[in-house]
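Novice: The numbers in the working numbering rise by one with no breaks, and the one at position 110 of the sequence shown is 124. Ideal placement from N, C-alpha and C gives every residue a C-beta, glycine not left out.
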Amino acid sequence: MKSVVIDPFSHLPEVPDLRDQIVIDEYKPVYSGPYSCVYRGKYQRNGQMVPVAVKILNRIRNKEPESMLRKLQRERRTWGVLSHPNILPLYGFVDNEEFFQPGALVSPEMVTARRC
Numbered sequence: 015m016k017s018v019v020i021d022p023f024s025h026l027p028e029v030p031d032l033r034d035q036i037v038i039d040e041y042k043p044v045y046s047g048p049y050s051c052v053y054r055g056k057y058q059r060n061g062q063m064v065p066v067a068v069k070i071l072n073r074i075r076n077k078e079p080e081s082m083l084r085k086l087q088r089e090r091r092t093w094g095v096l097s098h099p100n101i102l103p104l105y106g107f108v109d110n111e112e113f114f115q116p117g118a119l120v121s122p123e124m125v126t127a128r129r130c
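#1: Measure the alpha-carbon distance for ALA127 versus ARG84 and round it to whole angstroms.
#2: Count the C-beta pairs between the region 41-57 and the region 86-99 that are closer than 8 Å, then say yes if the count reaches three, no if not.
#3: Restricting to Cα atoms, I'd like to know which of GLU28, TRP93, ARG33 is closest to LEU109.
#4: Can you tell me where the beta strand (DSSP E) holding GLN35 begins and where it ends?
#5: Can you tell me which of the three DSSP states SER97 falls into?
#6: By the 10 Å Cβ neighbour count, where 16 or more other Cβ atoms means buried, how is TYR41 classified, buried or exposed?
#7: Within this structure, are the beta carbons of ILE36 and CYS51 separated by less than 8 Å?
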């Protein structure tokens, strides 16, 4: 009998791929942690450059690339359907291995009085 793997997140809608629409302002993170780094960037949206936060997952030692991609897909699908006043919306993701390995998530930049 053949086993079947069911993806519990497959029913969630896909979020847009923003490849070629995102520019990182400077490769100095505003936040850096064990799982990811967040950079300031710009998103070309409706003819305007919108300030965004670009969350790039860190490569984790001893983790298979497929495992990292599954985590990224799960996070982007889950975050993409959330709607709450305390959660920033997810604009989309960037799947460009040349610059954003293994991937990046893009949301509005949260402007606060104090920066990291």
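Specialist: According to the data block:
#1: Annotation note: pLDDT 49 at ALA127 (below 50); position unreliable, no value reported.
#2: no
#3: Note that residue 109 is Asp in the sequence shown, not Leu. Of the listed residues, the one whose Cα sits closest to ASP109 is ARG33.
#4: Note, GLN35: premise wrong, no beta strand (DSSP E); not H, not E.
#5: coil
#6: exposed
#7: In this structure, CYS51 does not lie closer than 8 Å to ILE36 by Cβ.
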